[in-house]
Each structure stands twice: as C-alpha cells, then as structure tokens.
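Q:
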Amino acid sequence: MSLDLSTVTALGVPVDPSIDTNPPVMPRGSTPGLLRRPITSGTSNAPSVDDIVTDPPHSTRGQLPVPTVSPPPNTSPTENVWEFMRESRRRADRASSKADIGTHRPTMPQLTPLLELLNSGASGGALFDAFEPLRLDVKKPVVCRVQMDTGSYTNTIDEGKAMKAVLFDTNQKSLEPSLAEIVQCHRDVANQNLTWGLASFEAMDRLVGVSFAIPVSRDGTKVNFTMSSPHVMDGFYLDIVDFVHDRVSERFLWEVLAAIGAPPIAGTYTQVSAAYGTKGSRYRLSFNDNHPPPPFVCNGRLLDEIVFLGKCHRIYGRGWYNHRKGFQRVDLDIAAKENAIAQPFTLSPSPLHARPAGVNKRQCVPPPTLPRWTRVPRGHGAVSRSGASASPQRPWQSPNMFDALREHIVVTPTQLVDSSTNNMLILPSILPVPDSPRTLPSNTYIDGTKPDGQSVTRATVSLDLMLEEFALLDSHVAAAKSAFTTMCSQPAASTSAFNLVDLVTTGAADRIQSLLSKHPMEFGLQVRSLASSTPVMLLHLTRLRMLCRWMRTTWGPSTPFATLYHNVFNHAYSIHALGLDITSVVRSSSLDEYHSDDVSDATVLLSHESESILALAEMLLGSLAPCYYAHDVALNAATSGPVFALPARSGDRYLASSTLCTVLLHSTLGTPIRKALCDLLQRARATLTDRGSADSEDSAVASTLADWVSNVDIMVALDQAFALPITPFCQVMFDSSTMSLTHGSLEDLWTDTVTPTTG
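Following the working numbering, the numbering of the sequence shown begins with 2 at its first residue and continues without gaps.
1) Going by beta-carbon coordinates alone, are Leu-531 and Leu-501 separated by less than 8 angstroms?
2) To the nearest angstrom, report how far apart Leu-681 and Ala-509 are at their CA atoms.
3) Does the Cβ of Pro-393 have 16 or more other Cβ atoms within 10 Å, making it buried, or fewer, making it exposed?
4) Any chance you could list the alpha helix (DSSP H) runs of at least 4 consecutive residues sitting entirely within the segment 481–560, in chain order?
5) Going straight from the alpha carbon of Pro-729 to that of Ser-437, what length do you get?
6) Do the segment 517–531 and the segment 618–634 make contact, defined as three or more Cβ pairs closer than 8 angstroms?
7) Hey, could you find the ends of the beta strand (DSSP E) Ala-214 is sitting in?
8) Do the segment 317–332 and the segment 657–677 touch if we need at least three Cβ pairs shorter than 8 angstroms?
9) Should the segment 642–657 be called in touch with the segment 460–473, which here means at least 3 C-beta pairs below 8 angstroms?
10) Does the Cβ of Ala-573 have 16 or more other Cβ atoms within 10 Å, making it buried, or fewer, making it exposed?
11) Where in the segment 164–246 do unbroken runs of the beta strand (DSSP E), each at least 3 residues long, occur, reported from the N-terminal end onward?
12) Assuming Tyr-257 and Leu-333 form a contact by the criterion Cβ under 8 angstroms, report the distance between their Cβ atoms to the nearest whole angstrom.
13) At which residue ranges does the segment 95–134 contain complete alpha helix (DSSP H) runs of 4 or more residues, listed in the order of the chain?
14) From Trp-397, Asn-401 and Cys-662, pick the residue whose C-alpha is nearest to that of Pro-643; which is it?
15) Roughly how many angstroms separate the alpha carbons of Pro-673 and Ser-430, rounded to a whole number?
16) Note down the Cα distance separating Leu-747 from Ala-724, rounded to an integer number of angstroms.
17) So Met-402 packs on Thr-450, CB below 8 angstroms; how close in whole Å?
18) Under 7 angstroms from any heavy atom of the ligand NAP, does the C-beta of His-246 make it?
19) Among the candidates Pro-110, Phe-202 and Pro-521, whose CA atom is the shortest distance from the CA of Ala-498?
20) Below 8 angstroms between beta carbons: does that hold for Arg-650 and Asp-511?
21) Answer yes or no: do Arg-136 and Gly-198 have a C-beta to C-beta separation smaller than 8 angstroms?
22) Between the alpha carbons of Ile-614 and Asn-424, how many angstroms are there, rounded?
23) Using only the alpha-carbon positions, how far apart do Gln-683 and Asp-419 sit?
24) Gln-398 bridges to which residues according to DSSP?
25) Grab me the residues of Gly-525's own chain with a C-beta within less than 7 angstroms of its C-beta, minus the 5 sequence neighbours each way, in chain order.
26) Look up Ala-646 in the DSSP assignment and give the residues it is bridged to.
27) Taking Phe-237 and His-292 to be in contact with their CB atoms under 8 angstroms, please state how far apart those CB atoms are, rounded to whole angstroms.
28) Check for me: the beta strand (DSSP E) holding His-744 runs from which residue to which?
29) Are the Cβ atoms of Glu-612 and Val-733 separated by less than 8 angstroms?
30) Quickly, what does DSSP pair Ser-463 with across the bridge? List them, please.
31) Going by the beta-carbon positions, is the gap between Leu-406 and Met-467 smaller than 8 angstroms?
32) Compare the C-beta of Ala-707 with all C-beta atoms of chain C and state if any pair is closer than 8 angstroms.
33) Is the separation between the beta-carbon of Ala-763 and that of Ser-597 shorter than 8 angstroms?
34) Please report how far the alpha carbon of Ala-127 lies from the alpha carbon of Leu-118, in whole angstroms.
35) From the DSSP output, which residues share a beta bridge with Thr-269?
36) Alpha carbon to alpha carbon, how far is Pro-345 from His-409?
Written out as structure tokens, the structure reads:
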C-alpha cells in the first residue's frame with residue numbers, strides 16, 4: 002500500500018487514517034532493519050510502511066545503540082520520508098542515551114523474590130544469585146585492556162561522562178562491534194589514565210589508535226584522547242640515584258631483589274645515547290605491577306634509601322613524595338647474606354692510587370687522644386620555650402652531618418631471633434662504605450644532652466669522633482651477639498640477680514633503671530614474664546617508671562626517689578596507692594592534649610597517655626636493642642637527629658620523650674619496637690582473659706591495656722597528621738612550686754645546678 006500524498010499534516014507528513022504515522026523508534030541496542038528495495042528520489046518510488054522491516058525486540062543487556070549520522074541538509078519529509086524517519090530515530094536514541102548511564106535500580110516487584118529469600122535466612126551466595134538476573138552490567142570477563150593517557154585531566158574526568166562519550170557520541174559505525182565488547186571503565190588516578198577493559202583481543206586491535214572526545218570539565222569542555230595498548234613497563238618503577246656499577250653488580254642487584262620478592266622486569270638508565278651508548282648514573286628498575294612491591298613500602302610510604310654493596314643510594318619510586326619525615330631504607334647487603342647470595346668480587350675501583358715511596362713521605366702518627374664529647378657552654382645556641390634561638394644561633398646539627406656520615410659508614414638494624422624461645426635482639430650493623438672520601442668535611446657536628454655530674458648539659462661531637470665511636474661500638478655488638486647466643490642455648494636459670502616484682506613492690510625505681518642498663522636481656526625476659534604471669538605488675542612497673550621520669554626531669558638525680566615521692570604525695574610509697582596517686586596528680590594538672598586539626602577527626606590523645614606508651618617503649622628499647630639504647634651515636638644514626646637525655650641516679654640517664662617519640666615513629670627501629678610493644682600488651686590482655694576472673698581490678702587492668710594498644714595507633718595517626726608536638730621544649734615534668742604536672746623545656750636543665758627539693 003502506497004502513501005496518499007494528498008493527506009498532509011501541518012508539518013507536511015503524509016498521513017493515512019489506518020496507519021500509525023509515528024515513525025518507529027528503534028529499541029536501544031537493536032540494529033536497523035533491511036530495505037526490501039532501494040530508495041529512489043521522487044514520490045512514485047517512495048517506500049511504503051509495509052516495505053520497512055525492523056528486527057524484533059530482544060534483550061539489550063550488554064549491547065550498545067547504533068551511532069547515527071546527521072541527516073543530509075535541506076531534507077524535507079515530502080522529498081524523502083525515510084531520511085526523516087531515520088533522523089527522528091536518531092534523536093530518540095540520543096535522548097535515551099542521556100538516561101542510559103547511571104544507577105539503575107530494580108523495581109519493587111522485581112525485588113520481591115529476593116526479599117522473600119532474605120526473610121527466610123538465605124546465605125549471601127543465594128542472595129547474590131537471586132539478584133544476578135536483575136543486573137544490567139554484562140558478565141563478560143575482561144581479557145585485555147586499553148588505556149587513554151589523560152595526564153593532569155584525570156582528576157576532573159567523570160567516568161559516566163567518559164563512557165557516554167565513547168559509547169554514544171561516536172559517529173564511526175564500523176566501531177559498533179568493538180564498542181559492544183567494552184566491559185569496564187576505570188579512572189586510574191595513580192597512573193594518570195583511563196583504562197578500558199575489553200572482552201576480546203579483536204576489539205583491542207580495532208580500538209587502538211582511535212581518538213575520542215572526552216569531557217574534562219563541568220562546562221562540557223572536551224579533549225581528544227587516543228586509545229593505546231598498555232606497555233608492560235608502564236607500571237611501578239624505581240629510580241636509583243648515583244648508581245655507578247658494572248654489569249656484574251647490576252646482575253647481583255636483580256638476584257637480591259628477586260630473592261626478597263621484588264623481581265624486576267627491566268633495568269635501564271634514564272639517560273642513554275642511542276648512537277654512542279653513553280649512559281648516565283640514574284638507574285631505573287621496572288616491575289610487572291602497578292603497585293610497589295612490599296619490600297619497598299614501610300609504614301605506609303615508599304622507602305627513601307637502599308644500601309647496596311656498602312653504599313647508600315637515594316631511591317625515588319613512582320608516586321614518591323616528600324613526607325617531611327625521617328628517611329627509611331632497606332639494606333640489600335643484609336638481604337643477600339640472609340638469602341645466601343654471594344656478592345660479586347668486582348667492585349668499582351677507587352680513583353685514588355697509592356703514593357710512591359720516597360724520603361719525604363709522611364709518617365703515620367697516631368692522633369692525640371681527644372674527649373669524645375665537648376661541652377657546649379650555656380648561651381651558645383640556647384633555645385627559648387617558644388623555639389626561637391638565642392644569638393649567636395647554633396643549630397643542633399650541621400646541615401651536612403648525616404650526608405657526610407653516610408659517605409663513610411651505613412648503620413642499619415639487624416634482628417636476631419631464636420626460633421625455640423622467640424627471643425629477639427636488635428643490633429646495629431655497621432658497614433663501611435667502599436671508596437669513601439679520604440678527607441672529612443669541616444664543621445660537621447651534632448649536639449645533644451648528656452649527664453654531667455648532678456645535671457644534664459649540652460654536648461657536641463664531630464664527625465671524626467663519631468666515626469671513632471662507631472669503631473668502638475663494633476666490639477660491643479660482638480659481645481652482645483655472643484651473650485644472646487649463650488642465653489638462648491642455655492636453659493632458663495631458676496635464680497636471677499634481681500626480681501622485678503620485688504623491685505616494683507618496694508618502689509625501687511632507680512634500681513630498675515640501673516638494671517635495665519646493666520642486664521638488658523635478663524630485664525627483657527622478666528618484663529615478658531610479667532605479661533604472661535602477672536599483668537597487673539606490668540601496669541605498675543610502667544607507671545612507676547613514668548613517675549620517676551617526671552620527678553628526675555624536675556629535681557635531678559641527687560635526691561632518692563622515696564624522698565621525692567613523699568614530698569609530692571605526702572606519704573610513703575605504696576604499690577596499692579600508686580594508681581590513685583598518679584590519677585590525682587594528673588587530674589590536678591592542666592596538661593595539653595594532642596588532637597588533629599581536621600574537624601572531621603575527633604581523635605584525642607592525652608599527654609599522660611602518650612607518656613605511658615613512651616615509658617614502656619623505653620624499657621623495650623633498652624632490652625631488645627641495648628647497643629642502640631646505650632650509645633647515643635647509634636641513636637643518632639637511626640633517627641638522623643640529636644639525642645636528648647633526662648638525669649638519673651648513678652650517672653645513668655633516661656631518654657627524653659621527644660627522642661623516644663622519634664625512635665618509635667620516625668626511625669628504622671620504629672616498626673620492630675612498636676610490634677614488640679603491641680605483642681606484649683596483647684599477651685598481657687590474653688592472660689587476663691584466660692583467667693576468666695570477675696575481679697574488678699583485673700577488669701580495670703584489661704581495660705587500661707586495651708587503651709594502650711589503641712593509643713599506639715592513635716600516636717601513629719596523629720604523627721602522620723603533624724598533630725603530635727612532642728618536642729624537647731614540651732617535656733612533661735613536675736612544677737616544683739605546685740607539685741602538679743606541666744610542660745617544661747629541657748633548656749632549663751642545661752645548667753650546673755639542680756632545683757632543690759624540700760624535706
């Protein structure tokens with residue numbers, strides 16, 4: 002039946018009363034029908050409605066609407082009815098594509114069977130299977146991927162708008178089968194690209210090299226991006242600075258990295274001449290993953306240094322940025338020894354040659370014996386409570402101190418663990434750097450505070466004296482390793498030179514500190530024994546030590562602890578009153594609290610809570626890493642900063658809270674010490690839980706131990722938010738006039754006199 006052209010609507014479209022004149026709209030995802038005969042110009046050969054054949058409706062999940070082309074200009078329905086119908090269909094498809102991408106919720110009738118399963122107590126897998134037919138996303142697996150390098154536009158691109166631009170806004174009809182194979186769109190902010198998951202390799206071959214206009218802003222601005230196939234070296238890479246080694250050493254590096262779980266797939270220099278083969282000194286290792294390998298991640302951030310063949314190299318991984326924290330490093334030389342990988346014997350030759358013998362050759366004369374530490378008179382570099390340095394200004398360390406130190410030696414912690422007893426010892430591994438400079442730079446020093454008679458004074462040490470102390474430290478490390486081996490090989494002695502329970506009961510706080518310095522390994526065994534047998538004594542030990550630290554900071558080492566305790570609390574020491582006395586002095590004080598500046602973060606840490614963690618951490622540091630705890634130079638190398646001390650009896654010293662906080666959070670010792678601290682507290686809690694006692698004291702102790710475990714995580718979070726200002730000028734101590742706690746400055750301790758105490 003032909004159309005009656007005499008029947009014309011207001012728009013000029015021929016209308017037959019018996020025929021639905023609305024142009025058929027193609028369902029989303031269907032393909033256009035076939036014509037039974039070609040269309041010619043003129044009205045005599047115009048196709049009838051019966052001549053138009055469309056595909057039957059079918060499921061459109063996983064299929065895409067056909068991109069349409071613009072109609073020819075000046076097309077009138079009276080001239081070409083089929084072109085008008087195609088244009089109407091194209092407009093309908095565009096209108097439907099606006100609502101095609103988004104969140105599609107099933108209707109309530111569709112969800113009724115699922116809700117019935119939920120009420121019947123069905124499993125999660127059964128609920129998932131029931132919801133699966135209601136989903137609109139395809140089930141095709143992703144077998145390959147293509148990407149668009151979007152660069153700085155990645156953060157502003159919306160995935161939904163990008164999908165619409167690729168699926169609906171293209172006019173290339175030949176890409177329809179390939180677009181139907183797109184399974185997933187992923188905006189990869191870390192790698193600055195858009196990744197498209199495809200269901201077939203044929204689609205990847207057709208889409209590579211095709212450009213699409215992607216919206217990059219809210220105002221609709223579009224930028225053309227080209228799809229490309231990903232390269233295996235587009236993932237994580239690591240740049241090693243100042244890498245001057247031969248091919249044998251590079252092969253050794255690959256062997257070590259593969260042994261520790263980070264095998265590289267490529268190693269090239271970033272600057273290489275293709276014509277001459279000349280290379281630079283920045284060596285780039287590529288890995289077969291977009292994420293950094295676990296050996297190069299510590300404390301949630303990338304490492305900053307590696308030790309390789311006795312030399313310390315700065316490294317910059319992909320995505321590295323300055324955290325304004327201490328450097329973290331991994332010692333690949335130690336890893337090679339642990340995995341029994343022999344080092345190459347061809348090291349880089351030294352540029353210095355032996356001097357020919359002659360009559361005027363200088364004779365080797367031993368240097369004169371110099372004091373290890375030189376006292377800094379008061380006023381040189383004095384710092385006020387506000388942190389402003391007095392004139393003349395003297396920094397705590399020279400800017401080139403630790404860079405110069407790393408040119409000569411590299412100090413890294415080594416853990417010794419006995420498998421039968423789980424005893425652990427942390428020792429400094431001191432490795433000399435080959436090809437180190439023959440001369441030392443001038444004006445390299447680091448200051449700190451050290452016990453000096455009845456007070457604490459500021460002292461300084463130069464680089465040459467620090468290197469001499471490290472040479473002496475080697476003998477202490479060997480002695481500690483031998484003592485640890487002997488302790489692990491022999492059965493536990495039934496008798497001991499001291500008993501921590503008795504010392505805590507009698508309040509011998511000064512004796513406890515002395516034993517920690519003289520018998521660190523046995524001290525650590527008894528501390529771990531308290532956690533397994535009497536957790537309440539572990540709590541009393543920590544509180545007693547914390548209280549003694551506060552008193553010694555204010556009144557120095559001259560007065561016995563029992564006298565100081567009586568002067569503060571007006572009664573003699575009693576273990577039963579220790580908890581109440583500390584609670585009363587904390588409540589009567591106005592100590593600052595630590596909290597994040599982020600209004601959405603309500604994390605708060607009280608000063609005395611952080612002091613409890615630091616007091617317990619000091620005992621673990623002294624017992625697990627005695628060579629670090631007893632030698633300031635080892636702590637200097639671990640923290641890359643000065644060491645501050647608090648006075649103690651018998652010429653001993655405590656570590657200031659600022660130094661302990663740096664060791665716990667910013668040093669290479671932080672991770673093992675924090676782990677040992679949390680394990681100790683968890684063991685004490687487990688002991689109380691296994692007892693199943695309803696005693697109120699045990700419940701209070703268990704609650705306190707649980708709070709301490711969470712406080713460790715809070716300290717880490719606050720430190721990462723730069724909201725934990727534990728500095729030498731914010732030390733918790735007693736106010737001698739009010740007998741309450743306050744935040745004081747260690748500047749007041751750098752004198753030759755001690756504030757007297759009454760009684």
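The C-beta atom is built at its ideal place from N, Cα and C for all residues, glycine as well.
A: A quick look at the data gives this:
1) Contact: yes.
2) Straight-line Cα distance between these residues: approximately 23 angstroms.
3) Note that Pro-393 scores 46 on pLDDT, short of 50, meaning its location in the model is unreliable; the coordinates nonetheless yield the value given after this. With fewer than 16 Cβ atoms within 10 Å of its Cβ, Pro-393 is classed as exposed.
4) You should have 501–507, 510–519, 521–534 and 536–556.
5) Their Cα atoms are separated by approximately 34 angstroms.
6) They touch, by the three-pair rule.
7) 212–216 is the span of the beta strand (DSSP E), which, as asked, contains Ala-214.
8) Because the criterion of three Cβ pairs below 8 angstroms is met, the segment 317–332 and the segment 657–677 touch.
9) Because the criterion of three Cβ pairs below 8 angstroms is not met, the segment 642–657 and the segment 460–473 do not touch.
10) By the neighbour-count rule (16 or more Cβ atoms within 10 Å), Ala-573 is not buried but exposed.
11) Those beta strand (DSSP E) runs which fall completely within the segment 164–246 and span 3+ residues are 183–189, 194–199, 212–216, 223–229 and 238–241.
12) Reading the sequence as shown, one finds Val at residue 257 and not Tyr. With 8 angstroms as the limit, Val-257 and Leu-333 qualify as a contact, their Cβ atoms being about 5 angstroms apart.
13) Those alpha helix (DSSP H) runs which fall completely within the segment 95–134 and span 4+ residues are 109–120 and 125–132.
14) Considering only Trp-397, Asn-401 and Cys-662, the residue with the shortest C-alpha distance to Pro-643 is Trp-397.
15) So the alpha carbons of these two residues sit roughly 15 angstroms apart.
16) Going from the Cα of Leu-747 to the Cα of Ala-724 covers about 21 angstroms.
17) Between Thr-450 and Met-402 the Cβ distance is about 17 angstroms, and since that is not below 8 angstroms, they are no contact.
18) Looking for the ligand NAP in the displayed structure turns up nothing, as the structure carries no ligands at all.
19) Checked all of Pro-110, Phe-202 and Pro-521; the closest Cα to Ala-498 is Pro-521.
20) Going by C-beta atoms, Arg-650 is nearer than 8 angstroms to Asp-511.
21) It is not a contact, given that the beta carbons lie outside the stated cut-off.
22) A straight line joining the alpha-carbon of Ile-614 with that of Asn-424 spans about 22 angstroms.
23) In this structure, the alpha-carbon of Gln-683 lies about 21 angstroms from that of Asp-419.
24) According to DSSP, Gln-398 bridges with Ile-447.
25) Within the same chain, Gly-525 has close Cβ partners Ser-624 and Leu-625.
26) DSSP lists Leu-656 as partners of Ala-646.
27) Right, their Cβ atoms sit about 6 angstroms apart.
28) 742–745 is the extent of the beta strand (DSSP E) around His-744.
29) The Cβ atoms of Glu-612 and Val-733 lie closer than 8 angstroms to each other.
30) According to DSSP, which records beta bridges pairwise, Ser-463 is partnered with Tyr-446.
31) In contact: Leu-406 and Met-467 (Cβ atoms closer than 8 angstroms).
32) Given the protein chain composition of this structure (a single chain), no chain C is represented.
33) This structure gives no information on residue 763, because the portion of the chain shown stretches from 2 to 760.
34) C-alpha separation (whole angstroms): 8 angstroms.
35) Per DSSP, Arg-285.
36) One C-alpha to the other measures close to 21 angstroms.
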